[in-house]
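Quick note: the sequence shown, position 32, residue 32 per the numbering used here, numbers continuous.
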Amino acid sequence: MKVLGICGSPRRQEESSSASLVGTVLQNIGLEYEMISLRGRNISGCIACLQCAGDNICKVRDDMAELRQAVVQADAYVIGAPNYFNSLNALTHAFLERWFQFRHNEGDLLWGKLGVAVGVGSMNGSLPAEQIEKFFMYNFIETVASVSGHGPAPCYSCGYGESCGIGLPRMLHGNGVCITEEITPDVTKQPDVLEAAAEAGRTLGRRLSGKHNRQQVASRMQRKLMESMGMEL
Ligand SMILES: Cc1cc2nc3c(=O)[nH]c(=O)nc-3n(C[C@H](O)[C@H](O)[C@H](O)COP(=O)(O)O)c2cc1C
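Rendered as structure tokens:
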């Protein structure tokens, strides 16, 4: 059993809240895992050329090609990403759009696998997690847990946060705000979020170590997707 962790933040892993939470989930699974960062990777969105329809292999020449094997070989996924403009950030969205290549010819490359969705945002981390969950559902992957936390808005480190009128530090703490470690949101200092991430890892570990029947999971997810679209199987 191998779990693939994906950090969809374009920031360095050491400073990424998404990476931190994905890491906590992975460390608690108790199974082999690999963590891949999308930072610096050139991944475009799906271009709808349909060249993958025959063999489930995307023909777009960019950095997604080298990630394909890792996605196919994993038994489960832990995907974390930041909220950008109240949505999933573009890099993670592009990466997940390209999973279209796995959906043809019975599409059983991903069907019935398990996933954990992780989202972070300065105001709202659950939105990106919900969108990751939706991508999971479209691939008949069951989300066993969803985790979200508050990371620091860029305004806490851009250098202008204390004076900028539209920055979060001034909006939340008023004029004359002094940016300190204490007022800077940090997922590693949010015990409930860290516990939720650890529990998500343990849950995924238990599910993978138990009798995980991909066919059953896939059928359930297929029904769930149809219901979400107001249709019946
Ligand atoms: C371009 C951009 C747009 C953002 N928009 C939002 C937003 O709409 N809502 C929100 O809660 N956070 C927003 N943020 C803040 C990030 O979600 C936050 O900094 C997060 O902790 C970054 O995660 P990372 O450290 O893993 O990159 C935005 C950040 C950037 C760079």
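Where is the CB? At the ideal position from N, CA and C, for every residue including glycine. Note that this is a predicted model, so its numbers are computed, not measured.
> Of the choices Met-231, Ile-36, Gln-222, whose alpha-carbon is the least far from that of Glu-106?
Replying inline: Taking the sequence shown and counting its residues from 1, the one referred to as residue 106 is at position 106. Minimum Cα distance to Glu-106 is reached at Gln-222.
> Roughly how many angstroms lie between the CA atoms of Ser-20 and Lys-2, to the nearest whole one?
Replying inline: Taking the first residue of the sequence shown as 1, we reach residue 20 at position 20. Taking the first residue of the sequence shown as 1, we reach residue 2 at position 2. Looking at the two C-alpha atoms, the distance is approximately 19 Å.
> Should Tyr-156 be labelled buried (16 or more other beta-carbon atoms within 10 Å of its own) or exposed?
Replying inline: In the sequence shown, counting from the first residue as 1, residue 156 sits at position 156. Looking at its Cβ environment, which holds 16 or more other Cβ atoms inside 10 Å, Tyr-156 is buried.
> In or out: Cys-178 buried (at least 16 other Cβ within 10 Å) or exposed?
Replying inline: The residue labelled residue 178 in the question sits at position 178 within the sequence shown. Counting Cβ neighbours within 10 Å, Cys-178 comes out exposed, since fewer than 16 surround it.
> For Asn-105, which of helix, strand or coil comes out of DSSP?
Replying inline: Here residue 105 refers to the residue found at position 105 when the sequence shown is read from its first residue. DSSP places Asn-105 in helix when its eight states are reduced to three.
> Any heavy atom of ligand 1 within a distance shorter than 8 Å of the CB on Glu-15?
Replying inline: For the purposes of this step, residue 15 is taken as the residue at position 15 of the sequence shown. Result yes, Cβ under 8 Å from ligand 1.
> If you draw a straight line from the C-alpha of Thr-188 to the C-alpha of Pro-152, how long is it?
Replying inline: Counting from one through the sequence shown, the residue named residue 188 turns up at place 188. Counting from one through the sequence shown, the residue named residue 152 turns up at place 152. Cα-Cα distance, rounded: 11 Å.
>> Just list the residues that DSSP pairs Thr-143 with in beta bridges.
In response: In the sequence shown, the residue the question calls residue 143 occupies position 143. Answer is Gly-115.
> Taking all protein chains shown into account, do 16 or more other C-beta atoms lie within 10 angstroms of the C-beta of Cys-7, making it buried, or fewer, making it exposed?
Replying inline: Within the sequence shown, residue 7 is the residue found at index 7, counting from 1. Buried: at least 16 other Cβ atoms inside 10 Å.
> At which residues does the alpha helix (DSSP H) containing Gly-23 begin and terminate?
Replying inline: Counting from 1 along the sequence shown, the entry for residue 23 is found at position 23. Looking at the DSSP string, the run of the alpha helix (DSSP H) that includes Gly-23 is 17-27.
>> Using a Cβ-Cβ cutoff of less than 6 Å, which residues in the same chain neighbour Leu-225 once the five nearest sequence positions on both sides are dropped?
In response: One-based indexing of the sequence shown puts residue 225 at position 225. The answer, listed in chain order, is Met-137.
> What is the DSSP secondary structure of Tyr-160, reduced to helix, strand or coil?
Replying inline: Reading the sequence shown from its first residue, position 160 is the one you call residue 160. Coil, per DSSP.
> If you compare alpha carbons, which of Asp-63, Ile-132, Lys-113 is closest to Ile-43?
Replying inline: Here the question's residue 43 lines up with position 43 in the sequence shown. Of the candidates Asp-63, Ile-132, Lys-113, the one whose C-alpha sits nearest the C-alpha of Ile-43 is Asp-63.
> If you drop the 5 nearest sequence neighbours on each side, which residues of the same chain put their C-beta closer than 6 Å to that of Gly-10?
Replying inline: Position 10 of the sequence shown, counting from 1, holds the residue named residue 10. The sequence shown places Pro at residue 10, rather than the Gly named in the question. Cβ within range, chain order: Arg-39, Leu-91.
> Cβ of Phe-135 within 8 Å of any heavy atom in ligand 1?
Replying inline: The residue labelled residue 135 in the question sits at position 135 within the sequence shown. Flag unset: Cβ of Phe-135 not near ligand 1.
>> Between which two residues does the alpha helix (DSSP H) holding Gly-201 run?
In response: Position 201 of the sequence shown holds residue 201. Counting along the chain, the alpha helix (DSSP H) containing Gly-201 begins and ends at 191-209.
> What do you get for Ile-166, buried or exposed, if any count of 16 or more other CB atoms within 10 angstroms of its CB means buried?
Replying inline: The residue given as residue 166 occupies position 166 in the sequence shown. Exposed, because fewer than 16 other Cβ atoms sit within 10 Å of the Cβ of Ile-166.
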